[in-house]
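Below is one structure, written out as structure tokens; the observations come after it.
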Amino acid sequence: MSLSLRFAVRSDKGLVREVNEDSVYAAPHLLVVADGMGGHAAGEVASSVVISHMAELGPERTRAEPMEALRGAILAGNRAIADAVRTSPELEGMGTTLTAVLMEADSDQFVVANVGDSRTYLMRAGELVLLTRDDSLVQTLLDDGRITPAEALAHPQRAMVTKALVGGESLSPTLFRLETLPDDRFLLCSDGLSDLVPEAQLADALGLSSREEAADRLVELALGAGGRDNISVVVADVVQGGAPATPVVSRAPLQAPHRDRRAVYAVAAAALAAGFVAYVLRPR
27 MSLSLRFAVR SDKGLVREVN EDSVYAAPHL LVVADGMGGH AAGEVASSVV ISHMAELGPE
87 RTRAEPMEAL RGAILAGNRA IADAVRTSPE LEGMGTTLTA VLMEADSDQF VVANVGDSRT
147 YLMRAGELVL LTRDDSLVQT LLDDGRITPA EALAHPQRAM VTKALVGGES LSPTLFRLET
207 LPDDRFLLCS DGLSDLVPEA QLADALGLSS REEAADRLVE LALGAGGRDN ISVVVADVVQ
267 GGAPATPVVS RAPLQAPHRD RRAVYAVAAA ALAAGFVAYV LRPR
């Protein structure tokens, strides 16, 4: 059974942040959302550099050992962050989360990867399931029974992650494999969506027949809830056969309103010159 992905991508800087630090990649076999962190330390550079490594993960590179290929691309992106910091020490402290879905070639299996608190959901037969587990302080407190789900929503440290791509040597991404079916729908998102919009509303939006309308609705919900963070979503349907969709990468323009980062952004620009079509989607 030959399965592939059709997708809609949206990325919005929200109503509070000056820069969109999220980066997104979507292709017929691979979906990735990376939520950059660091603010003044160029989180948008970290997410862009990592996405450039993920975008090199073509179907032929993943055919033999898809899970290990995905793990290798994540670790390569992490090493690239370390290299960028060595080249430009002012970037110390930048990093990014990542969540990804990789469809295995000639298979009904997919691999999910996660580092940090960006999320992957699966909508199947009208039921929404969170596939990933946040690498965050709040998730640890929930697991330990020290706070309730209601308390987690308002916890002052809910944005603190316990794992991220920051260039360290001990990164261990979470990866697992599941079976997929035609008509499954994936949602990958940064926490600018999941922190603000309850799962019931996510499910309602994903229930719209058009993935384009679903993606628009999800961004509208996050903005309506305050838009405190960057908001990035990928809504992707599993389909059988058909012409492959064109890969899309969405990232913020590499510009620095407060200080000159030309040398820093040259690193990211070089990494992103990978020969794929790039779009900056839906500026608001």
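Mind the numbering: the sequence shown is residues 27 to 310 in my numbering, read in order. Quick reminder that beta carbons are idealized off the backbone N, C-alpha and C, glycines included.
Determine contact between the segment 80-88 and the segment 237-250, defined as no fewer than three beta-carbon pairs at a distance below 8 Å. no
Cα-Cα separation between glycine 64 and aspartate 217, rounded to whole angstroms: 15 Å
So methionine 129 and histidine 79 are in contact, right, with Cβ under 8 Å, and what is the actual spacing, rounded? Methionine 129 to histidine 79, Cβ: 18 Å. No contact.
Out of Tyr147, Gln266 and Ala99, which one is the CA nearest neighbour of valine 76? Ala99
For lysine 189, which residues from the same chain have a beta carbon less than 7 Å from its beta carbon, with the 5 sequence-adjacent residues on both sides left out? Val141, Gly142 and Asp161
Put aspartate 38 into one of helix, strand or coil per three-state DSSP. strand
Just to confirm, are alanine 260 and proline 208 a CB contact at a threshold of 8 Å? According to the sequence shown, residue 260 is valine rather than alanine. No. Outside cutoff.
Host alpha helix (DSSP H) of glycine 218 (start-end): 217-220
Judging by CA-CA distance, which residue of Leu167, Thr200, Leu29 and Thr123 is the nearest neighbour of serine 73? Thr123
Using only the alpha-carbon positions, how far apart do glutamate 153 and proline 115 sit? 46 Å
Straight-line CA distance for glutamine 227 to lysine 39? 21 Å
Pair within 8 Å by beta-carbon distance, phenylalanine 33 and valine 138: no
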